[in-house]
Structures are given as C-alpha cells and as structure tokens.
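S.K.: Below is the structure I would like to discuss, written out as structure tokens.
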Amino acid sequence: MSMTIDIEIFGPARYSPPRSWAREETVGVSKQQAAENREAIVAAADGLFRERGVDAVGLVELMGAAGLTRGGFYNHFASKDALVEAVLTKAMADGFGNLDGAITASQARGSDPLAERIDWYLSPEHRADIEHGCPNTGFAGDARRLDPAARERYAKGLAANLDRFTQIVQAPGLDEGERRAQAIALFSEMAGALLLSRAVADADPALADEILDSARTDLRSRTGTA
1 MSMTIDIEIF
11 GPARYSPPRS
21 WAREETVGVS
31 KQQAAENREA
41 IVAAADGLFR
51 ERGVDAVGLV
61 ELMGAAGLTR
71 GGFYNHFASK
81 DALVEAVLTK
91 AMADGFGNLD
101 GAITASQARG
111 SDPLAERIDW
121 YLSPEHRADI
131 EHGCPNTGFA
141 GDARRLDPAA
151 RERYAKGLAA
161 NLDRFTQIVQ
171 APGLDEGERR
181 AQAIALFSEM
191 AGALLLSRAV
201 ADADPALADE
211 ILDSARTDLR
221 SRTGTA
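The sequence shown begins at 1 in this note's numbering and counts up one residue at a time.
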C-alpha cells in the first residue's frame, strides 16, 4: 500500500487521501504546533530533495525524516508539487539572506565581497554542504522537470540571485547592462564548476578539487581580486 501511495502522491498524478488520514494529526494539535509541523516537513524535504532529487523521495521517507506520520502531510500540502514550491520559496529566501549577510560582513571587515564569495562558493566545504548551500545549484538538476509553478519559482529565485550578485561585481568602465552580463558569466562559471566538482567528488576527489581550484584561480584573475 505504501509503495502505491508514494508513487501516486509523489509522481505526476494527484491523490486524495482517506479522511481518516487527514484526521490523524489534527486532533489536539495547536496552530503553533501545526505551523512547526509544516516547517519540519519543508525542512526535511529541502535536504532530501537536494541530496537525492525530487523524484527519488517518497512520502513515507519524507514524513519519517520530519518526525511525523504520513497522514499529516495532507494537512499542509495538497500535492508534492505544492510542497516543492514551498521548499523552493524557503530555500531561495534563505539563500538571499545568507548572501546579503555575507556581503554585509565582508563590507564591515573592509574585504572584497566578490573575492570572498568566489572563495566560499568554490570551496570543498560548500561542495560538501549540498543541503545548506546555494539553492540555484542544489535544485538545478530537478528544475526543468518540475511543474510550471515550481519552475517559475526557481527561475525567479535565480534572477533575484543574479541581481544581488551583480551588485558586488566591480567593473569600471562598464555600463549596468555590461556589468550584469559579466556577473551572469561569472556566476555561471562558478555554478558549473561546483556542479562538476560535486559530480566527481566521490569517484575522483583529486579531479573534484582541481575543478574548484582552477575555476577559483581563473575567476579571481578575471575579476582583479587575485
């Protein structure tokens, strides 16, 4: 039974759970606890989706990771698509907060925000921290397979991230459009290097490190932050 449920609710088809399931976690649950349960589901899904991919995560596994029974899912989300959209919304917001905080901290220290961003982004630590790292790369493999609303959420998040990234690219002599084009090129190289490094990290750690080191050196040189 659980196998069928996982496939139906976590695949393209929609599934309406029995009413008894919907009652399972509503009795005696306060609004605060319900909100905390929803946050737990989103947090668990965020980590699992990034690590394994959206399609590879089933309902029973997800709710177990959240510390809840499977019936509670339907009190918070009508479908997996709705959950994915909620996960992307939170992941992008968290990513923006982290980037804004890093920029502010760099400026307070008198450091170059772009140089520090390149170093952090192309670090072994970021490569290993898929769950809490950049959501643009964390969900890149799934983005094109998501439903239209989730794809739009991902695209808007990427666009907003590029807007922020453009602000820390110092390019004397370039107008705003040229500076944005340079920022997109730089971020695309960073994201591509990170994805490739993650792809081979287990099979060939030396190559994975070489990819990060080469991209980091190139970007630092091109941006005058070496």
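For each residue, glycine too, the CB sits at the ideal point set by N, CA and C.
Leaving out five residues before and five after R220 in sequence, what residues of the same chain have Cβ atoms less than 7 Å from its Cβ?
M.R.: Excluding residues within five positions, the ones whose Cβ falls inside 7 Å are A115, I118 and A226.
S.K.: First and last residue of the alpha helix (DSSP H) that includes N75?
M.R.: Run containing N75: none; DSSP gives neither H nor E here.
S.K.: Classify R144: buried if its beta carbon has 16 or more other beta carbons within 10 angstroms, exposed otherwise.
M.R.: By the neighbour-count rule (16 or more Cβ atoms within 10 Å), R144 is not buried but exposed.
S.K.: Taking the alpha-carbon positions, what's the Y154 to M63 distance?
M.R.: When rounded, the distance between both Cα atoms is 24 Å.
S.K.: If we call anything under 9 Å between Cβ atoms a contact, is K90 one with D46?
M.R.: Contact flag set, yes.
S.K.: If you run the structure through DSSP and keep just helix, strand and coil, what is R222?
M.R.: R222: helix per DSSP, three-state reduction.
S.K.: Whole-angstrom Cβ separation of L194 and R127, contact assumed at under 8 Å?
M.R.: Indeed, because the Cβ distance is near 6 Å, the residues count as touching under 8 Å.
S.K.: Which ranges would you report for the alpha helix (DSSP H) in the region 109-151 if only whole runs of at least 4 residues count?
M.R.: Entirely contained in the region 109-151, the alpha helix (DSSP H) runs reaching 4 residues are, in chain order, 113-121, 124-128, 135-138 and 140-143.
S.K.: Using the Cβ count rule (16 or more neighbours within 10 Å means buried), how would you classify A215?
M.R.: A215 is buried by the Cβ-count criterion.
S.K.: Going by alpha carbons, who is nearest to T166 out of G173, I184 and T223?
M.R.: Among G173, I184 and T223, the Cα nearest to that of T166 belongs to I184.
S.K.: Whose CA, out of L99, A140, P113 and D112, lies closest to the CA of G192?
M.R.: Taking only the C-alpha atoms, the option nearest G192 is A140.
S.K.: Kindly list the residues whose CB is nearer than 6 Å to the CB of F96, restricted to its own chain and excluding five residues on each side of it in sequence; keep chain order.
M.R.: Excluding residues within five positions, none has a Cβ falling inside 6 Å.
S.K.: Among C134, R222, P205 and A56, which one has its Cα closest to the Cα of A171?
M.R.: Of the candidates C134, R222, P205 and A56, the one whose C-alpha sits nearest the C-alpha of A171 is R222.
S.K.: Go to I168, then tell me how far its alpha helix (DSSP H) extends in each direction, as first and last residue.
M.R.: It is not in any alpha helix (DSSP H) - I168 carries neither H nor E in the DSSP assignment.
S.K.: Hey, A150 and E85 are a contact pair by Cβ (cut 8 Å); roughly how many whole angstroms apart?
M.R.: That belief holds up - the Cβ atoms of A150 and E85 are roughly 5 Å apart, short of 8 Å.
S.K.: Whole angstroms is fine: what's the gap from A102's alpha carbon to E178's?
M.R.: About 24 Å.
S.K.: Between the alpha carbons of S188 and R38, how many angstroms are there, rounded?
M.R.: Cα-Cα distance, rounded: 33 Å.
S.K.: Would you check if the distance between the CB atom of L212 and the CB atom of P113 is smaller than 9 Å?
M.R.: Their beta carbons are not under 9 Å apart, which means L212 does not touch P113 by this criterion.
S.K.: Excluding sequence positions up to five away, which residues of its chain have a Cβ less than 8 Å from the Cβ of L158?
M.R.: Closer than 8 Å at Cβ, skipping near neighbours: N136.
S.K.: Given that a residue counts as buried once 16 or more other Cβ atoms are within 10 Å of its Cβ, and exposed if not, what is L174?
M.R.: The residue is exposed, with fewer than 16 neighbouring Cβ atoms inside 10 Å.
S.K.: What distance in whole Å lies between the Cβ atoms of L99 and R164, which are believed to be in contact at a cut-off of 8 Å?
M.R.: Rounded, the Cβ-Cβ distance is 6 Å, consistent with contact.
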